[in-house]
Amino acid sequence: LVPVSGRAVGGGVLDMNFQFCGAIGASDVVARSAIVSNLILVAIAASATFLLASLLAAVAYTDIVQATVFLCMPASLLPTLVAIVPSTASSATLLLARLGGSDCVASDVVLGIVGLAISTLPSAGFLLLWSLRVETWKTVARDRDALTSFHPMTAMLQRILWRRWKWTTADGHRTGMQRAWPVLLEYRELRYGALDNGVLLGLSIVSVLSGLTGSSAQCRGWSLVSLLLLVAQLVTLIVVEPLTSIFSHVYAIATVTLTCLGVLAQLIFVWSIDSLWLVDAAAASSLAVLGLSLLNIMLNVTQLVAAVRRRIALLLQLRTLGEIEPGHLRKPSVTTDLLFVRDESFEIDERSSKELVDGVLMMPEHLDDVHQLLDDGLFWNSDGAAVGTGLVEGHSEIILAHAPLEEPMRSRFD
């Protein structure tokens, strides 16, 4: 909704209620607190992710760079950056618009510029990813024949949550996509991601501009701009179909449509003061959007748990490999193919769990030779003679062929 009041700014996502440069409760004080709180939130999220990456690197015998790839950074920080856009952009706009009457001009300029800059990061990230990879990456339709289920409810959920498109390259591989994988799972058209976040940024700015002076004409004008932005986004969403799953597509259409209706109701209310039912209609639209958002959050949390489960299983596999061949996992190619295991679809059937467990328990074929060398080290020395007996003399060409590898293995049992 587009406020028509000078107090269009609320606190941050997790507001810490900082009080400086002004009276307690003043809108500019609230705006400063919102920006600072959101910056701290981003710093905490980034620090926690890097800490987790460091822990992962230590446990999986890999380096910190490969661990950040494993955690899909920086795309994994996108939800936090998107969440702070409305409060950060509106607060920054208010501070910059009221510099003339500010008690802390220098700090307001810095906070305003930093706030607007960080608010543009999601859109800029989508555009940068699209511009760098548009010629080498492409989306292809996925085979629906892979959807098999005997339970009607499970089959329906599979169809709704099934990702109809997947990203690949001209040679059929997905090397280099790891860091952007959460984004690529959701979006078929990266430019729509920039548009989506750009509209969110624009609405946040307009919500402040519409109520700066308290003028009804100004409120009507900016409200109309907001409505046009939302309509343009809705048309693009319907025509382009930029999302990979049916659920994401329907959810996006529903939320944008309800937001359009809410803004339209408010715009009509500005022209007709006696139509108080329009306020209720706008509030109902907001509540409906909130309900859909909660449903989407629940689904995202479920998918996040599934993704964490997959990565824990992969971590166990990597650790097993690392215990057998220390240093081998330091090569970036080790996790490239494993990272994408079952990430394209939502795990809702029992076969997924079985395949996941099988993937962890079944070691790669090249490790059979390693296990054989371990067994040989228990019974044969480096000269090819049986340990503890003189019955075997001479040298075994087969064993000597593996002598460079056998010696470090045997040292673990000496």
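Going by my numbering, the first residue of the sequence shown is number 787, and it counts up by one from there. The beta-carbon is built from N, C-alpha and C at its ideal position, and this holds for glycine as well.
Asked, Found
"Local Cβ density within 10 Å of I870, reported as buried at 16 or more and exposed below that", "buried"
"C-alpha distance - Q1004 paired with G997, whole-angstrom precision", "8 Å"
"F806, buried or exposed, once every other Cβ within 10 Å from all chains shown has been counted against 16", "exposed"
"Short Cβ contact (8 Å threshold) for R1006 with L970", "no"
"Selected residue, minimal CA-CA separation from S819, among T874, T848, Y1037 and I899", "T874"
"Own chain, CB closer than 7 Å to T835, minus 5 neighbours either side, in chain order", "L857, M859, S862 and L863"
"Per-residue DSSP class, three states only, for R949", "strand"
"Between the CA atoms of L1080 and L986 - distance to the nearest angstrom", "18 Å"
"F804 versus G984: straight-line alpha-carbon distance, rounded", "28 Å"
"Inter-residue spacing [alpha-carbon to alpha-carbon] between S877 and L981", "21 Å"
"Inter-residue spacing [alpha-carbon to alpha-carbon] between C1046 and L1013", "6 Å"
"Neighbourhood of S905 by C-beta distance below 8 Å, restricted to the same chain and skipping five residues each side", "I870, V871, T874, A875, A878, L987 and S990"
"N-terminal and C-terminal residue of the beta strand (DSSP E) that A861 is part of", "Segment: none, A861 is in no beta strand (DSSP E) and carries neither H nor E."
"Secondary structure of T835, DSSP reduced to three states", "helix"
"Alpha-carbon to alpha-carbon, F1033 and K952", "16 Å"
"Of the residues R949, Q944, T955 and P865, the one placed nearest P908, counting alpha carbons only", "P865"
"A846, DSSP secondary structure in three states", "coil"
"Distance between beta carbons of F1055 and G979, contact taken as under 8 Å", "No, G979 and F1055 are not in contact; Cβ-Cβ is about 32 Å, not under 8 Å."
"Under the three-state DSSP convention, the category S873 falls into", "helix"
"Proximity to Y1037 [Cα-Cα], best of G797, I830 and I946", "I946"
"Status (buried if at least 16 other CB within 10 Å, exposed otherwise) for W1057", "exposed"
"C-alpha distance - A832 paired with L841, whole-angstrom precision", "14 Å"
"Where D1144 sits in the DSSP three-state scheme", "Here D1144 scores only 41 on pLDDT, less than 50, and its place in the model should not be relied on; the value that follows carries that caveat. D1144: helix per DSSP, three-state reduction."
"Beta-ladder partner(s) of A927, from DSSP", "W951"
"Beta bridge counterpart(s) of S1031 as assigned by DSSP", "R949"
"Chain-order list of residues whose beta-carbon lies under 7 Å from that of V1017 (same chain, five-residue window excluded)", "C1046"
"Residue(s) in a DSSP beta bridge with Y978", "BP columns for Y978 are empty, so no partner."
"DSSP beta-bridge partners of Y973", "L1029"
"Residue of R974, D1066 and V799 minimising C-alpha distance to V1026", "R974"
"Closest residue to L800 among S1071, I1098 and L825 (Cα-Cα distance)", "L825"
"Backbone CA spacing between V1204 and L1044 [nearest angstrom]", "Coverage of the chain is limited to positions 787 through 1200, which leaves residue 1204 absent and any answer about it impossible."
"Where M802 falls, given that 16 or more other Cβ within 10 Å makes a residue buried", "exposed"
"Three-way DSSP call (helix, strand, coil) for D1066 in this model", "helix"
"Own chain, CB closer than 7 Å to G1048, minus 5 neighbours either side, in chain order", "L787, A1068, S1071 and S1072"
"Cβ-based neighbour list, V771, same chain, cut-off 7 Å, excluding 5 preceding and 5 following", "Given that the chain is displayed from residue 787 to residue 1200, the structure contains no residue 771 and the question cannot be resolved."
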